[in-house]
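All letters in the sequence shown, in the order written, are residues 96 to 345 by my numbering.
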Amino acid sequence: MKAGRSLSRDFGEVQNLQVSLKGPGDYVSQADRKAEEIIHSELARARPGYAFLMEERGAVPGEDDQHRWIVDPLDGTTNFLHGIPIFSISIALERQGQLVAGVIYNPAMDELYTAERGGGAFLNDRRLRVSGRTKLSDAVIGTGVPHLGRGHHGNFLVELRNVMGEVAGIRRLGSAALDLAYVAAGRMDGFWEPALSPWDIAAGLLLIREAGGFCTDMDGGQEMFDKGSIVVGNEAIQKALLKTLKKPLR
Ligand code: IPD
Ligand code: CA
Ligand code: CA
């Protein structure tokens with residue numbers, strides 16, 4: 096909440112932020128670093144010794160080798176810097192390599208998504224369930240378009256062409272964490288993205304599972320963190336989406 100307030104303040108002053116270029120199309124702002132600092136110090140105080148994997152700091156080892164926080168302090172940086180209120184903070188907790196808790200917060204809309212392993216997924220107080228649609232032709236599917244200098248643009252165009260020929264609509268929100276939260280909430284029926292990092296997806300993966308959804312990597316396995324690709328949805332949509340993505344170019 097404290098990190099959310101900090102991001103909200105900075106979002107209001109987005110024009111004044113000093114922006115430094117981390118790489119083509121990938122901005123890092125003062126707001127980003129400030130939010131990460133707040134999250135790091137609050138979590139380290141609440142749970143001393145836990146390890147961290149954070150976007151800006153990278154891996155920070157802890158004395159407790161059973162627990163690790165996986166944090167993206169600002170997911171949707173490009174939106175943030177353009178004044179588009181679709182960005183989030185994503186925090187997940189792993190215990191012995193298994194995701195056990197996840198939080199995604201969109202400060203601009205005051206939407207707090209939470210999940211605990213075995214305890215369900217929630218948006219504020221409301222229990223979440225993935226959508227019930229079973230046909231791709233009824234489905235709204237989210238994705239992430241690879242940025243300049245990132246991902247394989249040719250492969251992505253093949254995937255996009257395959258999917259757009261079979262679905263009701265495609266959305267590109269610009270925050271992978273919120274994409275996953277939206278699938279958990281049944282707002283979108285599925286989502287895929289080929290090149291993501293663990294901090295983009297850790298909390299969202301748990302939300303999806305706890306909302307009754309399914310996730311695989313682009314090869315149909317469970318190596319989402321290592322491969323960086325992800326395909327999610329309810330059981331029927333996830334399967335159909337994966338199959339559609341894999342269709343060879345005709
Ligand atoms: C990005 C967002 C975006 C996705 C990119 C990510 P960032 O994270 O999640 O939706 O398409 O691949 O890198 O850079 O805003 O934290
Ligand atoms: Ca991110
Ligand atoms: Ca980020």
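In this text, a Cβ means the ideal position worked out from N, Cα and C, and glycines have one as well.
With contacts defined as CB atoms closer than 8 Å, Thr238 and Ala331 fail to qualify as a contacting pair. When only Cα atoms are considered, Glu151 and Glu131 end up about 8 Å apart. In the DSSP assignment, Asp205 is bridged to no other residue. In the DSSP assignment, Ala234 falls outside any alpha helix (DSSP H), carrying neither H nor E. Counting the other Cβ atoms within 10 Å of the Cβ of His248 gives fewer than 16, which makes it exposed. Residue pairing by DSSP places Gly215 opposite Glu211 in a beta bridge. Under the Cβ criterion (8 Å, minimum of three pairs), the region 323-340 counts as touching the region 219-236. Between Glu288 and Ala210, the C-beta gap is not smaller than 8 Å, which leaves the two residues out of contact.
In terms of Cβ geometry, Leu302 and Leu336 do not form a close pair [threshold 8 Å]. In the three-state reduction of the DSSP assignment, Asp127 falls in the helix class, which pools H, G and I. At least one heavy atom of ligand 3 sits closer than 7 Å to the Cβ of Thr172. Straight-line spacing of the CA atoms in Val198 and Ser136 works out to 17 Å. DSSP places Val155 outside any alpha helix (DSSP H); the residue lies instead in the beta strand (DSSP E), whose first and last residues are 153-155.
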